[in-house]
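For my numbering, add 2 to where a residue sits in the sequence shown, where the first one is 1.
See structure below.
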Amino acid sequence: MKIIVKSIFGSQLYGTNSENSDTDVKGIYLPSLEDCLLNQISNTINTTSKEIKSAKNTKDDIDTEIFSLQYFMKLALNGEMIVSDLLHAPENMLIETSSIWIKLRNMRSEFYSKNLFGYLGYIRKQTARYCVKGERLKAMKEVLNILSNDKLIKQNYKLNKLWDKLPINEYCQFVKNDNEKRFEQYQCCGKLLQPTMSCEYAYNIVKEMYNSYGERAKQAETNEGIDWKAVSHAFRVGLQLKEIYETGDLIYPLKEREFIKDIKYGKFHYKNDKIGEKLDDLLLEVEKLSKNSKYPDKINKEKLDKFILDCY
Numbered sequence: 003m004k005i006i007v008k009s010i011f012g013s014q015l016y017g018t019n020s021e022n023s024d025t026d027v028k029g030i031y032l033p034s035l036e037d038c039l040l041n042q043i044s045n046t047i048n049t050t051s052k053e054i055k056s057a058k059n060t061k062d063d064i065d066t067e068i069f070s071l072q073y074f075m076k077l078a079l080n081g082e083m084i085v086s087d088l089l090h091a092p093e094n095m096l097i098e099t100s101s102i103w104i105k106l107r108n109m110r111s112e113f114y115s116k117n118l119f120g121y122l123g124y125i126r127k128q129t130a131r132y133c134v135k136g137e138r139l140k141a142m143k144e145v146l147n148i149l150s151n152d153k154l155i156k157q158n159y160k161l162n163k164l165w166d167k168l169p170i171n172e173y174c175q176f177v178k179n180d181n182e183k184r185f186e187q188y189q190c191c192g193k194l195l196q197p198t199m200s201c202e203y204a205y206n207i208v209k210e211m212y213n214s215y216g217e218r219a220k221q222a223e224t225n226e227g228i229d230w231k232a233v234s235h236a237f238r239v240g241l242q243l244k245e246i247y248e249t250g251d252l253i254y255p256l257k258e259r260e261f262i263k264d265i266k267y268g269k270f271h272y273k274n275d276k277i278g279e280k281l282d283d284l285l286l287e288v289e290k291l292s293k294n295s296k297y298p299d300k301i302n303k304e305k306l307d308k309f310i311l312d313c314y
């Protein structure tokens with residue numbers, strides 16, 4: 003196996019590591035011509051220093067992942083940030099290099115395009131998904147607290163008897179009939195509740211919705227269990243892309259590493275510190291910078307193919 007490059011990766015590369023962080027190593031190798039002809043190329047080769055692979059990593063563990071050059075180029079065409087991370091690794095992070103690596107790193111601007119934020123979009127959706135769920139759960143809980151009154155249930159109260167007590171917010175509101183001016187129905191997180199249904203029946207409907215959400219979303223409802231690591235990843239990638247689009251380069255360790263570390267270790271309150279809003283603002287800024295950048299809509303595949311062929 004001909005190694006093109008091996009580099010320290012992850013939190014140690016970004017400057018967001020702690021004393022307990024393990025060591026990640028990424029690299030690229032050039033498969034033999036024989037393996038290419040026989041279609042025996044491994045996209046990735048993974049090794050670990052752990053004796054038990056399923057065990058949690060410790061600060062002494064080293065995980066190594068080496069990509070074939072062909073697969074690395076495919077990741078580049080898909081806009082994966084792992085490509086930009088490796089291409090911008092500074093000299094003090096490199097474990098092993100080659101003449102091919104020098105050429106590859108010198109052409110790193112060829113890997114920039116307007117579509118570098120695809121990976122960021124995925125993280126944005128994943129991060130926002132359960133946080134929004136938390137808000138919806140909170141709204142449902144308000145309705146359940148009102149409908150769970152034993153007196154209302156025993157006396158078979160109709161829902162319209164509570165019209166003035168039901169909460170009104172982003173996820174719960176009254177809905178007007180198309181032909182009438184008066185309010186006809188109550189909507190809770192997209193579910194329409196009829197005024198003539200019993201409070202017990204309405205309670206069971208909302209309770210079933212509430213129970214359908216996962217534990218992670220229920221924790222997010224009270225700002226507990228926020229996946230701060232996922233949120234920090236979203237900010238990190240956003241700030242990386244912002245630097246690329248603004249400066250045409252990416253320098254490690256990251257300038258904003260202390261802020262990212264504070265996010266990672268949960269030193270903020272998701273709601274009170276408006277972390278969600280700040281992340282949205284960052285992503286909108288990145289998307290605007292991307293759209294207005296000088297870079298092409300997509301990476302030139304022919305150039306990457308030619309580079310691979312030249313290596314052989």
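All C-beta atoms, glycine included, are put in the ideal place defined by N, C-alpha and C.
### Task
Sort out for me which residues DSSP pairs Y114 with in a bridge.
Answer is none; Y114 lacks a bridge partner.
#### Entry: Extent of the continuous alpha helix (DSSP H) run through Q72
L71 to L79
### Message
What does DSSP give as the partner residue(s) for T46 in the beta ladder?
### Response
F69
### Neighbour-count burial assignment, D152, 16 or more Cβ in a 10 Å radius
exposed
### Query
Over what stretch of residues does the beta strand (DSSP E) that includes T25 continue unbroken?
T25 to L32
### Message
Starting from K300, trace the beta strand (DSSP E) in both directions and tell me its first and last residue.
### Response
Segment: none, K300 is in no beta strand (DSSP E) and carries neither H nor E.
### Stretch pair the stretch 101-111 + the stretch 256-267: three plus CB contacts closer than 8 Å
no
### Query
Thinking C-alpha only, which one of I68, Y188, F270 and P33 is nearest K231?
F270
### Message
With distance defined between alpha-carbon atoms, name the residue in Y272, K273, N274 and L252 nearest to Y114.
### Response
L252
### Message
Could you compute how far the alpha carbon of L76 sits from the alpha carbon of L139?
### Response
What sits at residue 76 in the sequence shown is Lys, not Leu. Their backbone Cα atoms lie some 40 Å apart in a straight line.
#### Entry: the stretch 5-18 in contact with the stretch 81-97 per 3-pair CB rule at 8 Å
yes
### Query
Is there contact between the stretch 60-75 and the stretch 16-31, where contact requires at least three CB pairs shorter than 8 Å?
yes
### Query
Per DSSP, L194 forms a beta bridge with which residues?
Q189
### Query
Got a sec, what are the start and stop residues for the beta strand (DSSP E) L96 sits in?
L96 to E98
### Query
Given a threshold of 16 other Cβ atoms within 10 Å of its Cβ, counted over all protein chains shown, does Q242 qualify as buried or as exposed?
buried
### Task
Ignore the nearest five residues each way along the sequence and tell me which others in Y297's own chain have a CB closer than 6 Å to its CB.
Y114, S115 and K116
### Query
Looking at C-alpha atoms only, which residue of E112, K167, S111 and N171 is the closest neighbour of E137?
N171
### Message
On a Cα-Cα basis, can you pick out the residue from R110, N158, V239 and E210 that is closest to T198?
### Response
N158
### Message
Quick check on this structure: which residue in T49, W165, N80 and I64 has the alpha carbon closest to the alpha carbon of I301?
### Response
N80
### Query
Quick one: what does DSSP say F176 is sitting in, helix, strand or coil?
strand
### Task
Indicate whether S200 and I246 have their beta-carbon atoms separated by less than 9 Å.
no
### Query
Quick one, which of Y173, Q189 and K143 has its alpha-carbon nearest W165's?
Q189
### Task
Would you list the one or two residues that DSSP bridges to K160?
S200
### Message
For L281 and I228, I'd like the C-alpha separation in whole angstroms.
### Response
14 Å
### Message
Within 10 Å of its beta-carbon, does N19 have 16 or more other beta-carbons around it, so buried, or fewer, so exposed?
### Response
buried
#### Entry: Close-in-space but distant-in-sequence residues of the same chain around T46 (CB under 8 Å, 5 per side omitted)
E67, I68, F69, S70 and Y73
### Message
What does the alpha-carbon distance come out to for the pair F237 and E202?
### Response
44 Å
### Task
Ignore the nearest five residues each way along the sequence and tell me which others in I277's own chain have a CB closer than 6 Å to its CB.
F270
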